[in-house]
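K.L.:
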Amino acid sequence: MNASIGNRERKSSMGRISIKHKLIRSLGEVALVLPFLVAGLWFAVTQPLWQSDKITVSSSISPERLQAHVRKLSAELPPRTFPDNLDASAAYIREQWAAFGKVQDLPFAVDGETYHNLSITFGSETPTRIVIGAHYDAYDELPGADDNASGIAGLLELARLLSQVPLTQQVELVAFTLEEPPYFRTANMGSAVHAKKLLENGDKVELMIALEMIGYYDDTPHSQDFPLPLMEYAYSNRGNFIAVVGNLSSMGIVRDTKASMRRVMAMPVYSINAPWLIPGIDFSDHLNFWQQGFPALMITDTAFYRNHAYHHREDTWERLDYTKMAEVVTGVFAVILDRASAVKP
Numbered sequence: 001m002n003a004s005i006g007n008r009e010r011k012s013s014m015g016r017i018s019i020k021h022k023l024i025r026s027l028g029e030v031a032l033v034l035p036f037l038v039a040g041l042w043f044a045v046t047q048p049l050w051q052s053d054k055i056t057v058s059s060s061i062s063p064e065r066l067q068a069h070v071r072k073l074s075a076e077l078p079p080r081t082f083p084d085n086l087d088a089s090a091a092y093i094r095e096q097w098a099a100f101g102k103v104q105d106l107p108f109a110v111d112g113e114t115y116h117n118l119s120i121t122f123g124s125e126t127p128t129r130i131v132i133g134a135h136y137d138a139y140d141e142l143p144g145a146d147d148n149a150s151g152i153a154g155l156l157e158l159a160r161l162l163s164q165v166p167l168t169q170q171v172e173l174v175a176f177t178l179e180e181p182p183y184f185r186t187a188n189m190g191s192a193v194h195a196k197k198l199l200e201n202g203d204k205v206e207l208m209i210a211l212e213m214i215g216y217y218d219d220t221p222h223s224q225d226f227p228l229p230l231m232e233y234a235y236s237n238r239g240n241f242i243a244v245v246g247n248l249s250s251m252g253i254v255r256d257t258k259a260s261m262r263r264v265m266a267m268p269v270y271s272i273n274a275p276w277l278i279p280g281i282d283f284s285d286h287l288n289f290w291q292q293g294f295p296a297l298m299i300t301d302t303a304f305y306r307n308h309a310y311h312h313r314e315d316t317w318e319r320l321d322y323t324k325m326a327e328v329v330t331g332v333f334a335v336i337l338d339r340a341s342a343v344k345p
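In the UniProt record's numbering, the protein residues as written are 1 to 345.
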């Protein structure tokens, strides 16, 4: 009996040793594979590009013009919230665009009030189009200089640039209304109305870009926040870059957009492809184009992850960097030329 017990104990001990060895071997295999998994995830999310030769785009974008537009929208016109006030901003956008082509007024009704998206199109009518959009409303009677007079200023300058080049594809610029709460994530967003209409009309969108806050930059260390702490090691903790943001279905267009922008910009251009679970990934008008099945992305200074005046009274025109804004608009112009013009940057 004692011998039998001893045999069982030896077998049990050998079994434990075998399990321990298997566990150690498995942990070793994980340790070997983990760096490659992390590297693969980093590559998929950030899509790093090899440095390409910089080129010059003759875009003649004036920082002074951008500043004038932002100042007009955020400081001189009434707060961009109530219908009458929004009409005043729409009138300014319409007036600026009218110098470069026919402006379409796209009214729609919400709760008995009429609101207006505005659109201007360049190039010949083609089976597919590129849509560049920005919202002109602001949150809670606040100045909204970066959010989002900066994006509208970019649209106004893009109209001037596009009027000067031959295009092989239709390019539509759209000024959306009702992006801000209480309309955000509802069917009443101006961009939701527009994207739905495009789908109903059978229009095909090759690419939609939302310009969402493109004017605030800070070169101070640790001026840039992130939704996840470890992201600081994949990007930069200085808020001196522009971001190209897409979902997991947008990897191709995000990579191409970043490549076009980097070729003409000295400023760092970073990108991220991530699911909607990451806060901020879908916080603008591109969301509604995703919902209709259109390829879309956002170009942004990262909003509240950098600009702590987001949705505060301190979001004023004096705090923005118009030279860097001009560089971003140049980058967006290069994206359009690469996709829709025989004239390449």
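For every residue, glycine included, the Cβ atom is placed at its ideal position computed from N, Cα and C.
(1) Buried or exposed, going by whether 16 or more other CB atoms sit within 10 Å of the CB of residue 324?
(2) Is the stretch 181 to 189 touching the stretch 266 to 278 in the sense that three or more CB pairs, one from each, lie closer than 8 Å?
(3) For residue 296, which residues of its own chain have a beta-carbon under 6 Å away from its beta-carbon, when the five flanking residues on both sides are left out?
(4) Spatial neighbours of residue 125 within its chain, please: C-beta separation below 7 Å, excluding the five flanking residues on both sides.
(5) Whole alpha helix (DSSP H) runs in the stretch 78 to 106 with 4 or more residues, listed along the chain?
(6) Need the endpoints of the beta strand (DSSP E) that residue 270 sits in, please.
(7) Can you tell me whether DSSP reads residue 200 as helix, strand or coil?
(8) Determine, using beta-carbon pairs with one atom in the stretch 301 to 319 and one in the stretch 208 to 225, whether at least three such pairs fall under 8 Å.
(9) List the residues that DSSP assigns as beta-bridge partners of residue 135.
(10) Specify the secondary structure class of residue 212 as computed by DSSP and reduced to three states.
(11) If you follow the beta strand (DSSP E) that residue 159 is part of, which residue opens it and which one closes it?
(12) Is the CB-CB distance between residue 144 and residue 74 below 9 Å?
(13) Quick one: is residue 313 buried, meaning 16 or more other Cβ sit within 10 Å of its Cβ, or exposed?
(14) Relative to the alpha-carbon of residue 238, which residue among 263, 274, 267 and 254 has its alpha-carbon at the smallest distance?
(15) Taking the alpha helix (DSSP H) that residue 390 belongs to, which residues open and close that run?
(16) According to DSSP, is residue 116 part of a helix, a strand, or is it coil?
(17) Can you give me the Cβ contacts of residue 340 inside the same chain, cut-off strictly under 7 Å, excluding the 5 residues immediately before and after it?
(18) Tell me whether the beta-carbon of residue 137 lies closer than 9 Å to the beta-carbon of residue 178.
(19) Contact check, residue 254 vs residue 236 under 8 Å by CB: the rounded distance?
(20) Do you know offhand how far residue 148's Cα is from residue 336's?
(21) Where residue 264 and residue 317 are concerned, what is the direct C-alpha to C-alpha distance, given to the nearest angstrom?
(22) Compare the Cα-Cα distances from residue 248 to each of 229, 240 and 273 and report the closest residue.
(23) Is there a Cβ from chain B that is less than 9 Å from the Cβ of residue 276?
(24) Let's see if you can read the secondary structure: which residues bound the alpha helix (DSSP H) around residue 70?
(25) Helix, strand or coil, according to DSSP, for residue 129 in the structure here?
(26) Quick one: Cα of residue 203 to Cα of residue 213, how far?
(27) Within the continuous beta strand (DSSP E) that includes residue 299, where are the two ends?
(28) Nearest by alpha-carbon distance to residue 282: which of 298, 259, 115 and 307 is it?
(29) Using only the alpha-carbon positions, how far apart do residue 80 and residue 89 sit?
(30) Beta-carbon within less than 7 Å of residue 160's beta-carbon, same chain only, minus the 5 sequence neighbours each way: which residues are those?
(31) Might you give, ordered along the chain, the residues of its own chain that have their beta carbon closer than 6 Å to the beta carbon of residue 229, omitting 5 neighbours on each side?
P.N.:
On the basis of the coordinates in this document:
(1) Taking the first residue of the sequence shown as position 1, residue 324 is located at position 324. It is buried - the Cβ of residue 324 has at least 16 other Cβ atoms within 10 Å.
(2) no
(3) In the sequence shown, counting from the first residue as 1, residue 296 sits at position 296. The residues are 208, 286, 289 and 290.
(4) Here residue 125 refers to the residue found at position 125 of the sequence shown. The answer, listed in chain order, is 170.
(5) 83 to 97
(6) Here residue 270 is taken as the residue at index 270 of the sequence shown, counted from 1. Here the beta strand (DSSP E) through residue 270 covers 269 to 273.
(7) Indexing the sequence shown from 1 puts residue 200 at position 200. If DSSP states are grouped into helix, strand and coil, residue 200 belongs with the helices.
(8) yes
(9) Looking up residue 135 in the sequence shown gives position 135. Answer by DSSP bridge pairing, in chain order: 176.
(10) Stepping through the sequence shown from its first residue, residue 212 is reached at position 212. Here residue 212 sits in strand by DSSP.
(11) To locate residue 159, count along the sequence shown from 1; it is residue 159. Counting along the chain, residue 159 falls outside any beta strand (DSSP E), though it belongs to the alpha helix (DSSP H) covering 150 to 162.
(12) Sequence index remark: in the sequence shown, residue 144 carries index 144 (1-based). Sequence index remark: in the sequence shown, residue 74 carries index 74 (1-based). Their beta carbons are under 9 Å apart, which means residue 144 touches residue 74 by this criterion.
(13) Reading the sequence shown from its first residue, position 313 is the one you call residue 313. Exposed.
(14) Within the sequence shown, residue 238 is the residue found at index 238, counting from 1. The residue with the shortest Cα to Cα distance from residue 238 is 267.
(15) Because the chain here runs from 1 to 345, residue 390 falls outside it and cannot be looked at.
(16) Your numbering for residue 116 matches position 116 in the sequence shown. In the structure shown, residue 116 sits in a strand (DSSP, three-state: E or B).
(17) Counting from 1 along the sequence shown, the entry for residue 340 is found at position 340. 123, 130, 167, 168, 169 and 171.
(18) Along the sequence shown, read from residue 1 onward, the residue named residue 137 stands at position 137. Along the sequence shown, read from residue 1 onward, the residue named residue 178 stands at position 178. Yes.
(19) Here residue 254 refers to the residue found at position 254 of the sequence shown. Here residue 236 refers to the residue found at position 236 of the sequence shown. No, residue 254 and residue 236 are not in contact; Cβ-Cβ is about 18 Å, not under 8 Å.
(20) Within the sequence shown, the letter at position 148 stands for residue 148. Within the sequence shown, the letter at position 336 stands for residue 336. Residue 148 and residue 336: Cα-Cα distance of roughly 21 Å.
(21) Within the sequence shown, numbered from 1, the residue matching residue 264 stands at position 264. Within the sequence shown, numbered from 1, the residue matching residue 317 stands at position 317. Taking the straight line joining both Cα atoms gives about 26 Å.
(22) Here residue 248 corresponds to residue number 248 of the sequence shown, with the count starting at 1. It is 273.
(23) Looking for chain B here will not work: only one protein chain is present.
(24) Taking the sequence shown and counting its residues from 1, the one referred to as residue 70 is at position 70. Residues 63 to 71.
(25) Translated into positions along the sequence shown, residue 129 becomes position 129. Strand.
(26) By 1-based counting over the sequence shown, the position of residue 203 is 203. By 1-based counting over the sequence shown, the position of residue 213 is 213. The alpha-carbon atoms of residue 203 and residue 213 are separated by roughly 27 Å.
(27) Residue 299 sits at position 299 when you count from the first residue of the sequence shown. Here the beta strand (DSSP E) through residue 299 covers 296 to 300.
(28) Counted from its first residue, the sequence shown places residue 282 at position 282. The residue with the shortest Cα to Cα distance from residue 282 is 298.
(29) As a first step, residue 80 is located in the sequence shown; it is residue number 80 there, counting from the start. As a first step, residue 89 is located in the sequence shown; it is residue number 89 there, counting from the start. About 7 Å.
(30) Counting from 1 along the sequence shown, the entry for residue 160 is found at position 160. Hits under 7 Å: 100.
(31) What you label residue 229 is simply residue 229 of the sequence shown in a count that begins at 1. Closer than 6 Å at the Cβ level, and outside the excluded window around residue 229, lies no residue.
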